[in-house]
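A quick write-up on the structure given underneath.
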Amino acid sequence: EAGVAQSPRYKIIEKRQSVAFWCNPISGHATLYWYQQILGQGPKLLIQFQNNGVVDDSQLPKDRFSAERLKGVDSTLKIQPAKLEDSAVYLCASSLVQGNNSPLHFGNGTRLTVT
Amino acid sequence: AQSVTQLDSQVPVFEEAPVELRCNYSSSVSVYLFWYVQYPNQGLQLLLKYLSGSTLVKGINGFEAEFNKSQTSFHLRKPSVHISDTAEYFCAVSDPGDYKLSFGAGTTVTVRA
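Residue numbers (our numbering), protein chains in the order written: chain A, 324 to 438; chain B, 4 to 116.
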């Protein structure tokens with residue numbers, strides 16, 4: 324079974340620029356998550372999708388962050404404009420269904436550096 | 004919302020020695036508890052989870068954890084570590100009906116020969 328694929332692996336941008344990250348979940352996984360992991364902290368949930376609908380985006384800074392999962396498969400996360408404090412690893416995860424009996428499978432993440 | 008405190012940010016340990024990573028959570032009501040491992044430059048991988056039943060949970064790679072409701076703790080243990088166990092370990096908690104994971108800040112385990 325192929326894992327969760329994320330690209331790019333690394334991205335360096337200047338503040339006020341925009342950036343996009345891409346995630347391809349495991350085939351058949353209905354639930355997709357984006358997490359932000361700042362250095363020295365645990366991952367923080369940004370947004371959760373169930374198929375192509377948003378389940379929870381309460382922690383997403385909507386003035387600059389957006390995410391979509393138009394066909395219920397791939398997802399993109401965008402930051403526009405980026406701030407220095409957005410430097411972090413952005414992790415995508417997927418699960419077969421929503422629920423704690425369905426384990427999360429994480430991708431390797433995209434490391435963003437904002438200068 | 005639940006919160007998690009991992010009491011040790013760094014744990015150095017010698018190969019073949021035991022290790023314990025401490026985790027406390029905020030609420031005394033029903034919770035689900037998890038330990039994840041993150042190897043360098045990789046995503047998180049589930050080590051074990053407690054949903055209900057036996058308070059001693061066994062996971063992959065020889066790890067186990069014990070749920071202690073009275074102390075609101077879920078400490079992770081391994082009796083004999085290997086160099087390959089060098090990684091960051093995250094404790095996480097969720098409400099049973101919520102499915103959202105709240106992660107601790109992580110504990111970095113460095114195993115030395």
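C-beta: ideal position from N, C-alpha, C; glycine also.
Small disclaimer: the values here were computed from a predicted structure and weren't measured.
Task: For Phe388(A): DSSP bridge partner residues - done: Ile402(A)
- [ ] For Glu408(A), count neighbouring C-beta atoms within 10 Å of its own C-beta (all shown protein chains included) and say buried if the count is 16 or more, exposed if not.
- [x] exposed
TODO: Could you list which residues in chain A have their beta carbon closer than 9 Å to that of Ala108(B), in chain order?
DONE: Gly363, Gln364, Gly365
Open item on the list: Please list, in chain order, the residues of the stretch 81-103 of chain B that have any C-beta partner in chain A closer than 8 Å.
Closed with: Phe93, Ala95, Ser97, Pro99, Tyr102, Lys103
Task: Helix, strand or coil at Ile361(A) according to DSSP, with G and I counted as helix - done: coil
Open item on the list: For a test of the three-state rule: what should DSSP assign to Ile349(A), helix, strand or coil?
Closed with: coil
- [ ] Would you please verify whether the beta carbon of Gly430(A) is less than 9 Å from any beta carbon of chain B?
- [x] yes
TODO: Mind listing the chain A neighbours of Asn44(B)? Cutoff is C-beta to C-beta under 9 Å, in chain order.
DONE: Arg332, Asn431, Gly432, Arg434
TODO: Using a Cβ-Cβ cut-off of less than 9 Å, list which residues of the stretch 44-61 of chain B approach chain A; keep chain order.
DONE: Asn44, Gln45, Gly46, Leu47, Gln48, Leu49, Lys52, Leu54
Task: Contacts around Ile335(A), its chain only, beta-carbon distance under 7 Å, and the 5 residues preceding and following it disregarded - done: Thr436, Thr438
- [ ] Apply the 10 Å Cβ neighbour rule to Asn478(A) and answer buried if 16 or more other Cβ atoms are within range, or exposed otherwise.
- [x] Residue 478(A) is absent from the structure shown; chain A starts at 324 and stops at 438.
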